[in-house]
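Going by my numbering, the sequence shown opens with residue 9, and the numbers climb by one from there.
A virtual CB, placed ideally from N, CA and C, is assigned to each residue, including glycine.
These numbers were taken from a predicted model, which means no experiment stands behind them.
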Amino acid sequence: VEARLDPTKEVGRLVSEHKFEEAFVAALQRTDLSLVSWLCSQ
């Protein structure tokens, strides 16, 4: 539930598990440019 409120938590978890492709797909599916930008800066 918390991941739905803060998508950076979900994407950050995927990155920490080295699931980079899944993280980018999750970020892109949300069509939130700030989330994609945040992911690129990680």
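Roughly how many angstroms lie between the CA atoms of residue i and residue j, to the nearest whole one?
i, j, result
"P15", "R38", "9 Å"
"F28", "V44", "12 Å"
"W46", "H26", "16 Å"
"S42", "S24", "19 Å"
Give the secondary structure of residue i by DSSP, where H, G and I count as helix, E and B as strand, and everything else as coil.
i, result
"T16", "helix"
"R21", "helix"
"Q37", "helix"
Under 7 Å, do residue i and residue j count as touching if we go by C-beta distance?
i, j, result
"A35", "L22", "no"
For chain C, is any of its Cβ atoms less than 7 Å away from the one on residue i?
i, result
"C48", "You won't find chain C in this structure, because it holds only one protein chain."
Ordered along the chain, which non-local residues of its own chain (more than five positions away) have a Cβ less than 6 Å from that of residue i?
i, result
"Q50", "V23"
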